[in-house]
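Colleague: Pasting a structure here, questions to come.
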């Protein structure tokens, strides 16, 4: 028996922060002090606090350590495992109170969560099927195959009230029932793991941390709907998730939990991974199916729906990673238990990704009905550096921006839709006062325009035209007519696009105009960017009262546009040569370089009175 | 795989991951300060870990702490129960360690000969 387990997060975030090096250092150090027999080092999936990586969790005491680099390991082992006390330096701090947080249970970020889907993530070794089985894994599949008829399974899922987690929120039980009634054969089940929203990584974290839960859910679905073959469609960028899926599938076959005659019931189920090339549109179900078939990933008109004509013309059910991963738990704990969580219309929990200007960046699972304010200010720990909250974008590039006035809205499919946004994948990108809403709209339009598959003109041409207008406004060359044009184009793209990508692309533009019209007008009428983001509308000025004349800014200016008054230590930025790279701001230790959008504070004296810093030539020809 | 095999595998694997789930009935705290280590606390702890595994006792976690102030009584082992009751054993050797596991942790009967005091939490 081991007295302690050190769980080292080896999700993508922590791995890139060096958690594998930390793991090796832990093993080496424990060996050195002779504790390898007593203390186990376990690699787990994502624990949810990617910004604190590499993170480790020590059980049985539940101590959560952050930023554990290899160099910290000797101290950690000495303190925690040799001396038996917590290593204070490596404990996280509460962003508000600044006090040390000793255990995971004391951490608001963790204790506010309700973990159902991510129950095993960060707790078990995803590359070891026995750890999953030790946590009741495959028990639900066994129960279904030995005690339930397919129709009972569907009734159970219907009663639980679970809705598809891919974004649209279609009731899963109903989807399964329709499919089960189609007489055609063979049928397929598909897992949509083509997570493509910027700032969304919840599916990745589930697949990296607990791949078997998704696979078990698919096998149960296959049994309920009469399908013997499943595909997991995942993007190639998710290398670690792909690797762990392959390992998990191989292990499941070896243990007889996939393949022929499962649990002696006569039910066969085969599962394979299909890797996508990372096109955003392939998350759309009809495009996804074409991609699985080996064709170009472009959407098809619906109907026919996949349940009628899906993969290779056969009935197909596509569910999101999170939906599949929830199925075993519903079977295990019962529909009544599940439907007691959440709100009247939307049951259960949802995994959210907190990103952007927020203290606690990471993955958090919360029941539906939690308000945006709770998510951002309690679980998320508020906005860093004392900045003011400005807006939150939900649902990725197809979602909308929600301002502070609506922060008390509960997060549910319907309530977000009412505000002009969507649930989407569950990404939350938080913006503070330094974010320009026009620039945000432009950024997401740029993304969608780039990802448009080009099949239908409203999306292909419409997004390009909208992007052109937004570019113009950001450069200070927009007119008020442009706003009306954006509105017309948005409505057209929304109505006439073939698939969900085009239909939702205008959301960021529409919501930013709806809630932040003033900011658009500032760009258009006053040629100002109030958040001081849009490059064409800024001025960089040296505040002569604060400047000590150290010349660091001038020496680091890539275009040599910072000059001094001859014989004096007074510096000026020459506007024509400035590319607004911000190097002067970064290099100034006296906060003497100001970024404004209301015209320069000081006007430089005429050129003949100025000279470059000694040792630098000027390239400005003014 | 059939249902029985899954059940057996689960029971085996559950013992392994249970350590991470918390809420154990017994918490064994071995005092591992300098004097404890000098008196053989590490042997006591590894013996207990082995014995717990051998007997297949699930509801126990073993942890260490620093000096507790009973230098001449080392090695000291404290058993904390979920109901708040604490029992302290002094001058524990390997034999005593096995006895604590087989009696206290397995059957719930305290080893009176080794116990120095029983403290009820207020």
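Protein chains in written order, with this note's numbering: chain A, 1014 to 1635; chain B, 982 to 1103. Where a beta carbon is used, it is the ideal one built from N, C-alpha and C, also for glycine.
1. Give the C-beta separation of residue 1081 of chain B and residue 1092 of chain B to the nearest angstrom, bearing in mind that I take them to be a contact with Cβ-Cβ under 8 Å.
2. By Cβ distance, which residues of its chain are closer than 7 Å to residue 1115 of chain A, with the 5 residues on each side in sequence left out?
3. With three or more beta-carbon pairs closer than 8 Å as the criterion, would you say the segment 1373-1383 of chain A touches the segment 1058-1072 of chain A?
4. Exposed or buried, what is residue 1037 of chain B when buried is set at 16 or more other beta-carbons lying within 10 Å of its beta-carbon?
5. Can you give me the Cβ contacts of residue 1009 of chain A inside the same chain, cut-off strictly under 7 Å, excluding the 5 residues immediately before and after it?
6. Does the separation of the CB atoms of residue 1433 of chain A and residue 1413 of chain A fall below 8 Å?
7. Per the DSSP calculation, residue 1283 of chain A is bridged to which residue(s)?
8. Quick one: is residue 1170 of chain A near chain B, going by C-beta distance under 8 Å?
9. Contact between the segment 1470-1489 of chain A and the segment 1505-1519 of chain A is defined here as three or more beta-carbon pairs at a separation below 8 Å; is this criterion met?
10. Grab the span of the beta strand (DSSP E) containing residue 1012 of chain B for me, first residue to last.
11. DSSP beta-bridge partners for residue 1363 of chain A?
12. Taking 8 Å as the cut-off, does the segment 1258-1272 of chain A touch the segment 1290-1305 of chain A (at least 3 CB pairs, one atom from each stretch)?
13. Would you list, in sequence order, the uninterrupted beta strand (DSSP E) runs of no fewer than 3 residues that lie entirely inside the segment 1148-1180 of chain A?
14. Buried or exposed, going by whether 16 or more other CB atoms sit within 10 Å of the CB of residue 1160 of chain A?
15. Comparing C-alpha positions only, which one of A:1437, A:1386, A:1425 and A:1394 sits nearest to residue 1410 of chain A?
16. According to DSSP, simplified to helix, strand and coil, what is residue 1046 of chain B?
17. Count the other C-beta atoms from every protein chain shown that fall within 10 angstroms of the C-beta of residue 1193 of chain A, then say buried if there are 16 or more, exposed otherwise.
18. So residue 995 of chain B contacts chain A; which residues on that side make the cut at Cβ distance below 9 Å?
19. Mapping the DSSP letters down to three states, classify residue 1001 of chain B as helix, strand or coil.
20. Please state whether DSSP places residue 1096 of chain B in a helix, a strand or coil.
21. Just checking, does the segment 1026-1039 of chain A make contact with the segment 1078-1098 of chain A on the three C-beta pairs under 8 Å criterion?
22. For residue 1245 of chain A, which option in A:1207, A:1359 and A:1238 has the closest C-alpha, if you only look at C-alpha atoms?
23. Quick one: measure Cβ to Cβ for residue 1138 of chain A and residue 1057 of chain A, integer angstroms, because I've assumed they're closer than 8 Å.
24. When Cβ atoms are compared, which residues of the segment 1056-1085 of chain A fall closer than 7 Å to chain B?
25. Who are the near neighbours of residue 1189 of chain A in its chain, counting only those whose CB is closer than 7 Å to its CB and skipping five residues on each side?
26. So who's on the other strand from residue 1406 of chain A, going by DSSP bridges?
27. Are the beta-carbon atoms belonging to residue 1466 of chain A and residue 1313 of chain A less than 8 Å from one another?
28. Is it the case that the Cβ atoms of residue 1058 of chain B and residue 1041 of chain B are separated by a distance below 8 Å?
29. Check whether the Cβ atoms of residue 1442 of chain A and residue 1212 of chain A sit closer than 8 Å, and answer yes or no.
30. From A:1090, A:1505 and A:1482, pick the residue whose C-alpha is nearest to that of residue 1494 of chain A; which is it?
31. For the segment 1048-1067 of chain B, which residues have a CB atom closer than 8 Å to at least one CB atom of chain A, in sequence order?
32. Here's the rule: buried if 16 or more other CB atoms are within 10 angstroms of the residue's CB, otherwise exposed. What is residue 1066 of chain B?
33. Rounded to whole angstroms, what's the CA-CA distance from residue 1120 of chain A to residue 1017 of chain A? Just pull it up for me.
34. Looking only at C-alpha atoms, which of A:1585, A:1247, A:1021 and A:1464 sits nearest to residue 1558 of chain A?
35. Just the C-alpha distance for residue 1624 of chain A and residue 1492 of chain A, rounded to the nearest angstrom, thanks.
36. Is residue 987 of chain B helix, strand or coil when you go by DSSP?
Modeller: This is what the structure gives:
1. The residue labelled residue 1081 of chain B in the question sits at position 100 within the second chain. The residue labelled residue 1092 of chain B in the question sits at position 111 within the second chain. Yes, they are in contact, since the Cβ atoms of residue 1081 of chain B and residue 1092 of chain B sit about 6 Å apart, within 8 Å.
2. Working through the first chain from its first residue, we reach residue 1115 of chain A at position 102. Around residue 1115 of chain A: 1076, 1099 and 1104.
3. yes
4. For the purposes of this step, residue 1037 of chain B is taken as residue 56 along the second chain, with counting starting at 1. When all chains shown are included, residue 1037 of chain B counts as exposed.
5. Within the shown structure, residues of chain A are numbered from 1014 to 1635, placing residue 1009 of chain A beyond reach of any answer.
6. What you label residue 1433 of chain A is simply residue 420 of the first chain in a count that begins at 1. What you label residue 1413 of chain A is simply residue 400 of the first chain in a count that begins at 1. Yes, Cβ-Cβ distance for residue 1433 of chain A and residue 1413 of chain A is below 8 Å.
7. By one-based count along the first chain, residue 1283 of chain A stands at place 270. The partner list for residue 1283 of chain A (beta bridge, DSSP) reads A:1242.
8. Within the first chain, numbered from 1, the residue matching residue 1170 of chain A stands at position 157. It does not: the Cβ of residue 1170 of chain A has no partner Cβ on chain B nearer than 8 Å.
9. yes
10. As a first step, residue 1012 of chain B is located in the second chain; it is residue number 31 there, counting from the start. Taken as a continuous stretch (DSSP letters only), the beta strand (DSSP E) holding residue 1012 of chain B covers 1007-1012.
11. In the first chain, the residue the question calls residue 1363 of chain A occupies position 350. In DSSP, residue 1363 of chain A forms a bridge with A:1379.
12. no
13. none
14. What you label residue 1160 of chain A is simply residue 147 of the first chain in a count that begins at 1. It is exposed - the Cβ of residue 1160 of chain A has fewer than 16 other Cβ atoms within 10 Å.
15. Counting from 1 along the first chain, the entry for residue 1410 of chain A is found at position 397. Cα-wise, what sits closest to residue 1410 of chain A is A:1437.
16. As a working mapping, residue 1046 of chain B is identified with position 65 in the second chain. If DSSP states are grouped into helix, strand and coil, residue 1046 of chain B belongs with the strands.
17. In the first chain, counting from the first residue as 1, residue 1193 of chain A sits at position 180. So residue 1193 of chain A counts as buried.
18. Here residue 995 of chain B corresponds to residue number 14 of the second chain, with the count starting at 1. Correct list: 1146, 1147, 1148 and 1149.
19. Position 20 of the second chain, counted from the first residue, corresponds to residue 1001 of chain B. It is helical.
20. Position 115 of the second chain holds residue 1096 of chain B. Correct three-state label for residue 1096 of chain B: strand.
21. yes
22. Translated into positions along the first chain, residue 1245 of chain A becomes position 232. With distances taken between Cα atoms, residue 1245 of chain A lies closest to A:1207.
23. The residue labelled residue 1138 of chain A in the question sits at position 125 within the first chain. The residue labelled residue 1057 of chain A in the question sits at position 44 within the first chain. Contact holds; Cβ gap of about 6 Å.
24. 1072, 1073, 1074 and 1075
25. Here the question's residue 1189 of chain A lines up with position 176 in the first chain. Excluding positions up to five away in sequence, the list reads 1167, 1170, 1234, 1237, 1238 and 1330.
26. Sequence index remark: in the first chain, residue 1406 of chain A carries index 393 (1-based). Note: residue 1406 of chain A sits in a beta bridge opposite A:1414 and A:1442.
27. On the first chain, position 453 is the one that residue 1466 of chain A refers to. On the first chain, position 300 is the one that residue 1313 of chain A refers to. Going by C-beta atoms, residue 1466 of chain A is not nearer than 8 Å to residue 1313 of chain A.
28. Taking the second chain and counting its residues from 1, one reaches residue 1058 of chain B at position 77. Taking the second chain and counting its residues from 1, one reaches residue 1041 of chain B at position 60. Contact: no.
29. The residue labelled residue 1442 of chain A in the question sits at position 429 within the first chain. The residue labelled residue 1212 of chain A in the question sits at position 199 within the first chain. Result yes, Cβ atoms of residue 1442 of chain A and residue 1212 of chain A sit closer than 8 Å.
30. What you label residue 1494 of chain A is simply residue 481 of the first chain in a count that begins at 1. Closest option to residue 1494 of chain A, Cα to Cα, is A:1482.
31. none
32. Taking the first residue of the second chain as position 1, residue 1066 of chain B is located at position 85. Exposed, because fewer than 16 other Cβ atoms sit within 10 Å of the Cβ of residue 1066 of chain B.
33. Walking along the first chain from the start, residue 1120 of chain A turns up at place 107. Walking along the first chain from the start, residue 1017 of chain A turns up at place 4. The straight-line gap from Cα to Cα measures roughly 21 Å.
34. Residue 1558 of chain A sits at position 545 when you count from the first residue of the first chain. Out of A:1585, A:1247, A:1021 and A:1464, A:1585 has the C-alpha closest to the C-alpha of residue 1558 of chain A.
35. Translated into the one-based positions of the first chain, residue 1624 of chain A becomes position 611. Translated into the one-based positions of the first chain, residue 1492 of chain A becomes position 479. If you take the alpha carbons of residue 1624 of chain A and residue 1492 of chain A, they lie about 40 Å apart.
36. Within the second chain, residue 987 of chain B is the residue found at index 6, counting from 1. Residue state, collapsed to three classes: helix.
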